[in-house]
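Residue numbers (this note's numbering): 46 to 289.
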């Protein structure tokens with residue numbers, strides 16, 4: 046699977062697979078990954094769309110676009126069998142390049158299906174984003190607990206600061222903040238920035254790019270909470286929804 050292929054890019058360098066997370070309404074199968082203890086590397090979150098759960102029209106678009114891309118290891122030339130010799134720049138470029146040809150017609154067709162299939166609208170938005178961006182970073186996360194900025198002691202403080210400075214925050218269920226102290230995790234996010242994309246049929250269009258997430262972690266009975274919450278993620282991933 047695509048997730049297994051991407052996972053190897055990081056477990057090769059010592060990342061450890063942690064909890065499996067299913068995100069309701071998005072048809073996503075995810076894992077998060079803990080970095081080696083000897084590093085200050087970030088946690089990773091890798092998600093894979095369960096295409097078989099999408100409406101038939103969407104399945105046809107996805108399968109015709111991706112084809113057999115994952116049938117063989119697309120990152121074979123990076124030489125992951127010898128991690129000490131892997132070129133970091135080549136690894137980054139491999140993730141940045143769109144791995145398949147996506148037409149603007151298919152991108153628009155996926156977004157049009159969100160009106161026809163309301164329960165699957167979030168999943169279809171995510172599918173459209175992925176066909177445009179491939180393996181690129183969907184977002185990165187800033188941990189409030191280690192931010193160390195005076196006056197920004199809570200996630201509510203940070204959200205207020207961001208809005209005062211013109212950063213649009215994502216809302217889910219009319220709430221900018223997901224989670225709670227009781228659940229040991231609070232999260233919020235910006236709306237994705239808009240970027241220019243060139244499609245395989247020659248169309249240049251503005252589409253949602255990536256976004257920034259902010260989290261605040263709390264202490265539980267067994268120490269600080271280190272994982273993620275699926276229902277929080279459902280709202281956070283709406284940050285990349287296409288805007289009218």
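For glycine and all other residues, C-beta sits at the position ideal for the given N, C-alpha and C.
Using three-state DSSP, classify residue i as helix, strand or coil.
i           : result
residue 60  : coil
residue 116 : coil
residue 141 : helix
residue 214 : strand
residue 291 : Since the first residue shown for the chain is 46 and the last is 289, residue 291 is missing from the structure and cannot be characterised.
residue 271 : coil
residue 133 : helix
residue 162 : coil
residue 77  : strand
residue 85  : coil
residue 220 : strand
residue 51  : helix
residue 65  : strand
residue 151 : helix
residue 95  : coil
residue 229 : coil
residue 181 : coil
residue 245 : coil
Measuring alpha carbon to alpha carbon, tell me which of the options ends up nearest residue i.
i           : options            : result
residue 232 : 166, 279, 65       : 279
residue 217 : 247, 89, 282       : 282
residue 110 : 80, 126, 147, 76   : 147
residue 96  : 168, 272, 269, 137 : 168
residue 288 : 153, 204, 249, 193 : 153
residue 91  : 74, 126, 82, 151   : 74
residue 126 : 54, 89, 142, 85    : 54
residue 248 : 94, 77, 151        : 151
residue 81  : 235, 269, 62, 98   : 62
Can you tell me the Cβ-Cβ gap for residue i and residue j, rounded? I've got them flagged as a contact below 8 Å.
i           : j           : result
residue 179 : residue 133 : The pair is not a contact, with the Cβ atoms about 19 Å apart (cut-off 8 Å).
residue 71  : residue 106 : In fact, because the Cβ distance is near 17 Å, the residues do not count as touching under 8 Å.
residue 230 : residue 262 : 6 Å
Going straight from the alpha carbon of residue i to that of residue j, what length do you get?
i           : j           : result
residue 79  : residue 51  : 15 Å
residue 56  : residue 68  : 23 Å
residue 129 : residue 122 : 14 Å
residue 246 : residue 238 : 23 Å
residue 140 : residue 171 : 18 Å
residue 224 : residue 120 : 37 Å
residue 206 : residue 102 : 43 Å
residue 149 : residue 286 : 16 Å
residue 273 : residue 58  : 22 Å
residue 220 : residue 131 : 43 Å
residue 60  : residue 49  : 13 Å
residue 162 : residue 108 : 19 Å
residue 166 : residue 252 : 17 Å
residue 175 : residue 76  : 17 Å
Within 7 Å: the Cβ of residue i and any heavy atom of the ligand ZN?
i          : result
residue 98 : For the ligand ZN, the structure offers nothing, since it holds no ligand at all.
At least 3 beta-carbon pairs within less than 8 Å: the segment 246-266 vs the segment 186-196: yes
Quick check: the segment 211-229 against the segment 110-120, are there 3 or more CB pairs under 8 Å? no
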